[in-house]
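Numbering follows my numbering, in which position 195 of the sequence shown is assigned residue number 210; successive positions increment by one, without gaps. Yeah, the Cβ is synthetic: ideal placement off N, Cα and C, and Gly gets one too. This one's a predicted model, so the numbers in the text were calculated from it and none came from an experiment. Written below as structure tokens is the structure these notes are about.
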Amino acid sequence: MSYEVSLEKFNGPLDLLLHLIRKQEIDIHDIPIALVTSQFLNYIRAMEELSLEIASEFLVMAATLLAIKSRMLLPRKAAAASDEETDNIDPREELVLQLLEYQRCKWAAGELKSREHLQSLIYTRPPLDLRPYHRDDPLPVEGVSLWDMVDAYRKLLLRVPKEDRVAEIKGHELSVEDTMSSILTRLRRWTKATFRELLGTVRTRHDLVASFLALLELVKIGAIHCTQASPFDDIEIILREEYA
16 MSYEVSLEKF NGPLDLLLHL IRKQEIDIHD IPIALVTSQF LNYIRAMEEL SLEIASEFLV
76 MAATLLAIKS RMLLPRKAAA ASDEETDNID PREELVLQLL EYQRCKWAAG ELKSREHLQS
136 LIYTRPPLDL RPYHRDDPLP VEGVSLWDMV DAYRKLLLRV PKEDRVAEIK GHELSVEDTM
196 SSILTRLRRW TKATFRELLG TVRTRHDLVA SFLALLELVK IGAIHCTQAS PFDDIEIILR
256 EEYA
């Protein structure tokens, strides 16, 4: 009965070489060929049960290492006589480039495998149909950006007295829904008001936050629209007719 012994750690000769280099803490750009070749050959001798295809790959690398070792052992003059054009080229250069390329590919493969594992842990839901929520009319904001409203809120926040901002006051706190109702009531009476008129009398941080969120929600549902005559002017809040 025939069987195949597979390499547990090494997927090929470059993988083995990279392991030997890391094990010895060797600079990959300055490989001690004699040492690495000796260790590589020792590993090959331990390969008793391998398929011919895999064994041939390792034997080719062994021959390459021995050739590099021989070339590096040649005296300078002899090396120059054998190949004048390549005298200044490090015999290890091609091997180093192969190892660096393999190292990059191995790292990339590991990253892809890690991401594949993480992706397998994520359960996604199908996309929602948001067409029923699409508004045909433009957003009810004229010349006013979200950042304009944020800046107006920031200015009002700075006006809240220090003692009220840091003191702990217990009691009834307005919800966003309550504040929306209150703003609509005032706008039905006034038709329109400035940002400061609506929020300027708020005395606590919580109520100011609730009021600002209420305004944003009213803009979102289309109950009010905002205008600003020019940059840095107070924002004017106007009630839409269908909510009057």
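Review point. Where does Thr79 fall in DSSP's three states?
Key: In the sequence shown, counting from the first residue as 1, residue 79 sits at position 64. If DSSP states are grouped into helix, strand and coil, Thr79 belongs with the helices.
Practice item. Using alpha carbons as the reference points, say which of Met76, Ser226 and Glu256 lies closest to Arg203. Key: For the purposes of this step, residue 203 is taken as residue 188 along the sequence shown, with counting starting at 1. Residue Glu256 is the option with its Cα nearest to Arg203.
**Study point:** CA-to-CA distance, Leu173 to Lys207, given in whole angstroms
**Key:** To locate residue 207, count along the sequence shown from 1; it is residue 192. To locate residue 173, count along the sequence shown from 1; it is residue 158. Their backbone Cα atoms lie some 24 Å apart in a straight line.
Review point. Which of the three DSSP states, helix, strand or coil, is assigned to Ile184?
Key: Position 169 of the sequence shown, counting from 1, holds the residue named residue 184. Confidence in Ile184 is poor, its pLDDT being 47 and thus under 50, which makes the residue's placement too unreliable to answer from.
Check your understanding: Leu33 and Phe55: beta carbons closer than 8 Å?
Key -> As a first step, residue 33 is located in the sequence shown; it is residue number 18 there, counting from the start. As a first step, residue 55 is located in the sequence shown; it is residue number 40 there, counting from the start. No. Outside cutoff.
Practice item. Put Thr194 into one of helix, strand or coil per three-state DSSP. Key: Taking the sequence shown and counting its residues from 1, the one referred to as residue 194 is at position 179. Residue state, collapsed to three classes: helix.
Review point. Ala238 and Leu213 look like a contact to me (Cβ under 8 Å); what is the Cβ gap, rounded to whole Å?
Key: Numbered from its first residue, the sequence shown carries residue 238 at position 223. Numbered from its first residue, the sequence shown carries residue 213 at position 198. With a Cβ gap of about 13 Å, Ala238 and Leu213 do not count as contacting.
Review point. Helix, strand or coil: which one does DSSP assign to Glu72?
Key: In the sequence shown, residue 72 corresponds to position 57, counting from 1. Glu72: helix per DSSP, three-state reduction.
Point to revise | Cross-strand partners of Thr209 (DSSP beta bridge) | key: Within the sequence shown, numbered from 1, the residue matching residue 209 stands at position 194. DSSP lists Glu251 as partners of Thr209.
Check your understanding: Ends of the alpha helix (DSSP H) at Glu131?
Key -> Here residue 131 refers to the residue found at position 116 of the sequence shown. Glu131 -> alpha helix (DSSP H) spans Glu108 to Ser135.
**Study point:** Three-pair Cβ contact test at 8 Å for the segment 38-57 versus the segment 125-140
**Key:** no
Exercise for review: Take Val75 as the anchor and find which of Ser197, Gly27 and Gly215 has the nearest alpha-carbon.
Suggested key: In the sequence shown, the residue the question calls residue 75 occupies position 60. Residue Gly27 is the option with its Cα nearest to Val75.
Check your understanding: Quick one: what's got a C-beta closer than 6 Å to Ala182's C-beta in the same chain, skipping five residues either side?
Key -> Taking the first residue of the sequence shown as position 1, residue 182 is located at position 167. Since pLDDT at Ala182 reaches only 46, below the 50 mark, its modelled position is unreliable, and the value read off the structure follows with that caveat. Once the five neighbours on either side are set aside, Ala182 has no close Cβ partner at all.
Check your understanding: When you compare only the Cα positions, how much space is there between Leu115 and His44?
Key -> Translated into the one-based positions of the sequence shown, residue 115 becomes position 100. Translated into the one-based positions of the sequence shown, residue 44 becomes position 29. Rounded to the nearest angstrom, the two C-alpha atoms are 9 Å apart.
Check your understanding: Sorted by chain position, which residues of the same chain lie with C-beta nearer than 7 Å to Ile48's C-beta, five sequence neighbours on each side aside?
Key -> Taking the sequence shown and counting its residues from 1, the one referred to as residue 48 is at position 33. Within the same chain, Ile48 has close Cβ partners Leu80, Ile83, Lys84, Met87 and Arg107.
Review point. Buried or exposed: where does Phe210 fall if 16 or more other Cβ atoms within 10 Å of its Cβ makes it buried?
Key: Numbered from its first residue, the sequence shown carries residue 210 at position 195. By the neighbour-count rule (16 or more Cβ atoms within 10 Å), Phe210 is buried.
Check your understanding: Between the beta-carbon of Gln243 and the beta-carbon of Glu251, is there less than 8 Å?
Key -> The residue given as residue 243 occupies position 228 in the sequence shown. The residue given as residue 251 occupies position 236 in the sequence shown. Yes, the Cβ-Cβ distance between Gln243 and Glu251 is below 8 Å.
Point to revise | Element boundaries [alpha helix (DSSP H), containing His221] | key: Position 206 of the sequence shown, counted from the start, is the residue given in the question as residue 221. Its alpha helix (DSSP H) spans residues Arg220 to Ile236.
Check your understanding: According to DSSP, is Ile48 helix, strand or coil?
Key -> Here residue 48 corresponds to residue number 33 of the sequence shown, with the count starting at 1. Here Ile48 sits in helix by DSSP.
Review point. What is the DSSP secondary structure of Asp163, counted as helix, strand or coil?
Key: For the purposes of this step, residue 163 is taken as residue 148 along the sequence shown, with counting starting at 1. Here Asp163 sits in helix by DSSP.
Check your understanding: When you compare only the Cα positions, how much space is there between Ile236 and Val165?
Key -> Translated into positions along the sequence shown, residue 236 becomes position 221. Translated into positions along the sequence shown, residue 165 becomes position 150. Cα to Cα, the separation comes out at about 18 Å.
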